[in-house]
Amino acid sequence: MRRFLLKRVASALITLWLLATIVFLIVNVLPGDVGRKILGPFAPKEEVAAFNHRLGTDRPLLAQYFTSIRRVFTLDFGNSFQSGQDVKSIIFSALFRSGKLALLAFVITIPISIAAGIFAARRQDKLADRVVVNVGLASSSIPEFVTAAVLLSIFCVHWKLGKVFANPPPGTSVIGQLEYLLVPAMAMVIAYFGYIARMTRAGVIGALQSDYARTATMKGLSDNQVMRRHILRNALGPTITVISVQIGYLFGGIIGVEKVFNYAGLGSTMLTAVGAKDIPVLQGAVLLVGIVYMLSTLAADLLIAYLNPRVRLETAR
Amino acid sequence: MTITSAPATTAALSVEDLHVTYNVRGIERAVLRGVTFHVAPGEAYGLVGESGCGKSTTAYAALRYLPRNGTISSGRVLVAGDDVTAMKSSQLRSFRANRASMVYQDPGQAMNPSLRIGRQVAECFTLLGQPDKQAHESALEALKKVRIAAPESVLERYPFQLSGGMQQRVVIAMALAKDPKLLVLDEPTTGLDATVEAEVLDLVRMLRQESDAAVLLIAHNLGIIRSMCDRVGVMYAGKIVEEGPSHQVFDSPQHPYTVGLLRSLPRHGVRKTERALATIPGILPLIGTDLPTCVFVDRCPIATELCRTVEPPEVPVGNVPGRFTRCHHSDRIGDIPQEPVNVDIAMLAPVDDNPEVLELSHVSKTFRQRGKAIPALVDVELNLAEGETLGIVGESGSGKSTLAKTMLGIESLDSGGLVSLDGHGLQASTVRRSAEDKRSMQMVFQNPDSALNRAWSVRRILLRSVHKLTGIKGAEANKRVEDLAEHLRLTPRHLDLKPRQLSGGLKQRVAIARAFAGDPRIVVCDEPTSALDVSVQAAILNLLADLQSAQRTSYVFITHDMGVVRYLADRIAVMYLGRIQEIGLTDDIFKGPHHPYTEALLSAVPSVDGEITTRIRLDGEIPSPANPPSGCVFHPRCPRAIAGVCEVTEPPLVEVSFGHAMRCHIPLEELRVLQQGE
């Protein structure tokens, strides 16, 4: 198990390095110099050069590359071009906000959609199953900004149950924040329900058709016991993977939802940074999303290894 | 009126006029068409028949476990007097937990892959009401009862960490946890090695003496049924067509289907040079087909108008209780014609003067895994004459398939060895061999499903092979494909079908046609018939013999079936842990004196003729090639090993008589005495 863990962490670090390299390349492959891009075509040459010098973008590429790699591992991205604030504090407070929203969305989605998937699998091809499958398909095929806009106009504008602006004022209590966050979270729940439910359903149906499920039934276990003791452990692997990928995705911020509710999460922060050509913020935010993504897949891999001894024992050999 | 040896009231299992349908695309289709039989307590009853005849459905219906689309439409199943078909779900659970068990084919899949063995076995005992701690102790006892090695450590392991034989022991331990009244075994040894199969069957025999459970055994291997069962029912298209004590049914079958099944087996040491194997013409009717009269009428060689109009009743045979055949004409069984000899026997005559086509000298193959050398083949010396068949036998892990792959260049042999074809050395790897060399050596695989491109028609599959192997294109290639199909007895209609539209036997024909597309000199066949029913197997073996006599092709034939290899092979090589332990003419290998390993392989085969074979049993499993034993690699399992000699030096492969070589320290004469003395 320890060996498995070391291997996974090592590969995560390599991924992180690749990500940092790719971000660096993307920023530097753009033609023209950075100072010119930010200050615009009408800025005087000297000012551009001075600006570049201040940013460090006039140094040799290799030196810049090493700086940027070092920044990834120290999480020190310098200051924002736009506001001069420390990038770390900008992106971490955005991450915190995104995290709150994502967490709320997942606390609701995971139990509901896994339960729905199991429910549907046990009634395969019957009416209840078809309903779950089709509702799931519909819910995940509507773009989340559409759902968000519809929910906004129904719940926040018409019934006034939620707030149109999702940013709670500082000092709002946890319960109080729910009033702000619940409706945008619902938009995310709707977007992800179908995906997770269908994945669970497929996994459970596969496991129900397995020989070991037959053995368990023939032992005299009830359907619920078979499900709890034998099916779920083996059936949920793909679901866990899907959830972990989506966690990374959600933390990155669903820009559509954040825009509709005017929420200053990571997504909006990145969007603003792009508009303002604020490269340090963009770099930091992209890498932060990458790190969250990696941590969540790492957690999923560990969970799967815990559930499945074959993964744990064979890859460790 | 049904005649049975066990009246319904006292029977442990009574299946009464059972009808089961499967719903396929909204239509209920009949699978079982009135199955009736009874099994007494302590009795073993076997069901035989080809795949699709309904024997597994019967077994599962007996425990009321049917696929989602299956329904018991009428009839009853009584276990010790209780109607299983009428039970409520809570009663059914308690029935399964307390009174009936099942042992499955493929034990590796039958256990939960992510739970420890201990927990899975203990679960059976907690269902009987034992507290966790006691259940755990009971689980250990259960494993001891099935004589598993190191039971304490097995409890802590996961299914994938056990060998096939150990897995099946665990499944049996779970089945016996409750001291069942009814034990259903569904192909319990299919997929296991013959030596492991013998061990598992011995275990079941021994456990039967300790219990009065009624046993229902499903197997396609008639030898297993004969050696395990008191009575047997022969199933065809959802009906039992013949029933009786197993030795009587197998020795003097009274239904044309039973006769066909038995004649299609290579038995009594028959060889390809003596006669072709019988086949049953036609195919099993699809499920749901309307069969108002005799179910076998369309394939029966002695059917009359009566058979097409009146359903045959159960006709008693002799005065044996419970012995019947469902045939109007059981008095005319002797009229069933023997298969005409369609193999040109002269062409298959011994091959002494034939030129040598293939020679392997000092062929070794070492795999490397994490820096560790794993010798899979060790110094193999072989030759193959034109038109000759060399059988290769041995347990899984003995190196049979590696040998085949190394010959073909799919695996590259170690340096120092050489594979020569018609006197010239071949490149080690297929990709470096010339087109001509590739054309000359072809392979037929065990599973035609994965060997044929499912998206292509048969014609396209064969056209590609013809083109790739011979370079012929266009109309000429098409002509060649049609000739090829005709040789392989495929009709032009088959050419336009896709593989999934063909039966298993036809698919294997296409796979053979593919191998023959370029007129190969050598065809390597890796278990080509092991997935097929016996009558289909017979047709494929006949075909292979036919093609050989017409084209002088040489075969390397890998199999675990001793009957098949005896029928088809001219010479046999017995492999163990990557070494040839014995090689010689088929008669020498079978008649002995043989290498102790060969002796063990031969005695592991349950005979359908009820012959008593010398039984020597192998303990344990084939060792890992990564850590071969010292001295003779077979010595830890050899019942005849000489202490102080066999574990010290490895015996060389020595010619003991003309063309017969073995690797054994015991002199030939001594082996002869030892092997005749028992």
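Protein chains in written order, with our numbering: chain A, 174 to 490; chain B, -6 to 671. Glycine included, C-beta positions come from ideal geometry on N, C-alpha and C. Bear in mind the structure is a predicted one, so any value in this text is a computation, not a measurement.
#1: Report the three-state DSSP secondary structure of Met167 (chain B) (helix, strand or coil).
#2: Ignore the nearest five residues each way along the sequence and tell me which others in Gln297 (chain A)'s own chain have a CB closer than 7 Å to its CB.
#3: Would Lys299 (chain A) pass as an interface residue toward chain B - the criterion being a Cβ-Cβ separation below 8 Å?
#4: Given that a residue counts as buried once 16 or more other Cβ atoms are within 10 Å of its Cβ, and exposed if not, what is Pro316 (chain A)?
#5: Comparing alpha-carbon positions, which option in B:Asn347, B:Arg256, B:Arg268 lies nearest Ile326 (chain B)?
#6: Are the stretch 23 to 41 of chain B and the stretch 206 to 214 of chain B in contact at 8 Å, needing three or more beta carbon pairs?
#7: Is the beta carbon of Asp75 (chain B) within less than 7 Å of some heavy atom of the ligand SAH?
#8: If we require 4 or more residues per run, which alpha helix (DSSP H) segments fall completely within the stretch 210 to 237 of chain A?
#9: For Pro482 (chain A), go through chain B and note every residue whose CB falls closer than 7 Å to its CB, in chain order.
#10: Pick helix, strand or coil for Thr345 (chain A), following the three-state DSSP scheme.
#11: If you compare alpha carbons, which of B:Gly380, B:Ala366, B:Pro660 is closest to Glu349 (chain B)?
#12: Using the Cα positions of Ala339 (chain B) and Lys431 (chain B), report the straight-line distance between them to the nearest angstrom.
#13: Compare the C-beta of Ala524 (chain B) with all C-beta atoms of chain A and state if any pair is closer than 8 Å.
#14: For Ala103 (chain B), return the contacting residues in chain A, with the cut-off set at a CB-CB distance below 7 Å.
#15: Closest to Gln668 (chain B) by CA distance: which of B:His658, B:Val647, B:Val641, B:Glu592 is it?
#16: Is there a Cβ from chain E that is less than 8 Å from the Cβ of His331 (chain A)?
#17: Distance, Cα to Cα, Ile369 (chain A) vs Val430 (chain A)?
#18: Hey, could you find the ends of the beta strand (DSSP E) Asp179 (chain B) is sitting in?
#19: Does chain A have any CB closer than 8 Å to the CB of Met95 (chain B)?
#20: Would you call the stretch 467 to 478 of chain A and the stretch 42 to 51 of chain B in contact, with 3 or more CB pairs under 8 Å?
#21: Return the CA-CA distance between Val666 (chain B) and Val263 (chain B), expressed in angstroms with no decimal places.
#22: For Tyr58 (chain B), would you say it is in contact with chain A, using Cβ-to-Cβ distances shorter than 8 Å as the test?
#23: With a threshold of 16 other CB atoms inside 10 Å of the CB of Asp125 (chain B), please say whether the residue is buried or exposed.
#24: Mind reading off the beta-carbon distance from Leu594 (chain B) to Thr188 (chain B)? Whole number of angstroms is fine, and I expect it under 8 Å.
#25: Note down, in chain order, each residue of its chain lying with its Cβ closer than 8 Å to the Cβ of Arg689 (chain B), except the 5 sequence neighbours on either side.
#26: Identify whether Ala339 (chain B) lies in helix, strand or coil by the three-state DSSP scheme.
#27: Hey, quick one: how far does the beta strand (DSSP E) through Lys358 (chain B) stretch, first residue to last?
#28: Taking a contact to mean a Cβ-Cβ separation below 8 Å, would you say Leu672 (chain B) touches Pro144 (chain B) in this structure?
#29: Sort B:Gln247, B:Leu664, B:Leu525, B:Val474 by Cα distance to Val313 (chain B) and report the nearest one.
#30: Would a check of beta-carbon distances place Asp99 (chain B) closer than 8 Å to chain A?
#31: Determine the chain B residues that contact Arg406 (chain A) at a beta-carbon separation under 9 Å, and present them in chain order.
#32: Excluding the 5 residues preceding and the 5 following Glu648 (chain B) in the sequence, name in chain order all residues of the same chain whose CB lies nearer than 8 Å to its CB.
#33: Compare the Cα-Cα distances from Asn446 (chain B) to each of B:Gln439, B:Pro259, B:Arg457 and report the closest residue.
#34: Have a look at B:Gly556, B:Phe550, B:Tyr560 and flag the residue whose alpha-carbon is nearest the alpha-carbon of Met568 (chain B).
#35: Closer than 7 Å, Cβ to Cβ, to anything on chain A: give me those residues from the stretch 109 to 128 of chain B, in chain order.
#36: For the alpha helix (DSSP H) containing Lys472 (chain B), name the first residue and the last one.
In short, the structure shows the following:
#1: Counting from 1 along the second sequence, the entry for residue 167 (chain B) is found at position 174. Met167 (chain B) falls in the helix class under three-state DSSP.
#2: By 1-based counting over the first sequence, the position of residue 297 (chain A) is 124. These residues qualify, in order along the chain: Ile378.
#3: Position 126 of the first sequence, counted from the first residue, corresponds to residue 299 (chain A). Not one chain B Cβ lies under 8 Å of Lys299 (chain A).
#4: By one-based count along the first sequence, residue 316 (chain A) stands at place 143. When all chains shown are included, Pro316 (chain A) counts as exposed.
#5: Along the second sequence, one-based indexing puts residue 326 (chain B) at 333. Ranking the options by Cα distance to Ile326 (chain B), first place goes to B:Arg256.
#6: yes
#7: Ligands displayed in this structure: none; no statement on the ligand SAH is therefore possible.
#8: 218 to 228
#9: To locate residue 482 (chain A), count along the first sequence from 1; it is residue 309. Per Cβ cutoff of 7 Å: Ser107, Tyr151.
#10: Taking the first residue of the first sequence as position 1, residue 345 (chain A) is located at position 172. Coil, per DSSP.
#11: For the purposes of this step, residue 349 (chain B) is taken as residue 356 along the second sequence, with counting starting at 1. Here the closest residue by C-alpha is B:Gly380.
#12: Your numbering for residue 339 (chain B) matches position 346 in the second sequence. Your numbering for residue 431 (chain B) matches position 438 in the second sequence. Confidence in Ala339 (chain B) is poor, its pLDDT being 49 and thus under 50, which makes the residue's placement unreliable; the coordinate value appears in the next sentence. Cα to Cα, the separation comes out at about 30 Å.
#13: Taking the second sequence and counting its residues from 1, the one referred to as residue 524 (chain B) is at position 531. No, because no Cβ of chain A sits closer than 8 Å to the Cβ of Ala524 (chain B).
#14: The residue labelled residue 103 (chain B) in the question sits at position 110 within the second sequence. Here the neighbours are Asp384, Tyr385, Thr388.
#15: Position 675 of the second sequence, counting from 1, holds the residue named residue 668 (chain B). If we check each option's Cα against that of Gln668 (chain B), B:Glu592 comes out closest.
#16: This model lacks chain E altogether, as its protein chains are A and B.
#17: Translated into positions along the first sequence, residue 369 (chain A) becomes position 196. Translated into positions along the first sequence, residue 430 (chain A) becomes position 257. One C-alpha to the other measures close to 19 Å.
#18: The sequence position of residue 179 (chain B) within the second sequence is 186, counting from 1. Taken as a continuous stretch (DSSP letters only), the beta strand (DSSP E) holding Asp179 (chain B) covers 175 to 179.
#19: For the purposes of this step, residue 95 (chain B) is taken as residue 102 along the second sequence, with counting starting at 1. Yes, because at least one Cβ of chain A sits closer than 8 Å to the Cβ of Met95 (chain B).
#20: no
#21: Working through the second sequence from its first residue, we reach residue 666 (chain B) at position 673. Working through the second sequence from its first residue, we reach residue 263 (chain B) at position 270. Cα to Cα, the separation comes out at about 26 Å.
#22: For the purposes of this step, residue 58 (chain B) is identified with residue 65 of the second sequence, where counting begins at 1. Judged by the 8 Å Cβ criterion, Tyr58 (chain B) is in contact with chain A.
#23: The residue you call residue 125 (chain B) lines up with position 132 of the second sequence. Counting Cβ neighbours within 10 Å, Asp125 (chain B) comes out exposed, since fewer than 16 surround it.
#24: Here residue 594 (chain B) is taken as the residue at index 601 of the second sequence, counted from 1. Here residue 188 (chain B) is taken as the residue at index 195 of the second sequence, counted from 1. With a Cβ gap of about 7 Å, Leu594 (chain B) and Thr188 (chain B) count as contacting.
#25: Because chain B here runs from -6 to 671, residue 689 (chain B) falls outside it and cannot be looked at.
#26: Translated into the one-based positions of the second sequence, residue 339 (chain B) becomes position 346. Note that Ala339 (chain B) has pLDDT 49, beneath the 50 cutoff, so the model's placement of it is unreliable and the number below is only indicative. Ala339 (chain B) falls in the helix class under three-state DSSP.
#27: Counted from its first residue, the second sequence places residue 358 (chain B) at position 365. 349 to 362 is the extent of the beta strand (DSSP E) around Lys358 (chain B).
#28: Any question about residue 672 (chain B) goes unanswered here, given that chain B covers just -6 to 671.
#29: Here the question's residue 313 (chain B) lines up with position 320 in the second sequence. Considering only alpha carbons, the answer is B:Gln247.
#30: On the second sequence, residue 99 (chain B) is found 106 positions in, with the first residue counted as 1. True, the Cβ-Cβ gap to chain A drops below 8 Å.
#31: Residue mapping note: residue 406 (chain A) aligns to position 233 of the first sequence, counting from 1. Residues of chain B passing the Cβ test: Asn105, Ser107, Leu108.
#32: Counted from its first residue, the second sequence places residue 648 (chain B) at position 655. Counting only Cβ-Cβ distances below 8 Å, and skipping sequence neighbours, we find Ala654.
#33: Translated into positions along the second sequence, residue 446 (chain B) becomes position 453. The candidate whose alpha carbon is nearest that of Asn446 (chain B) is B:Arg457.
#34: As a first step, residue 568 (chain B) must be located in the second sequence, where it is residue number 575. When only C-alpha atoms are compared, the closest one is B:Phe550.
#35: Glu116, Cys117, Leu120
#36: Taking the second sequence and counting its residues from 1, one reaches residue 472 (chain B) at position 479. Segment 467 to 480, the alpha helix (DSSP H) holding Lys472 (chain B).
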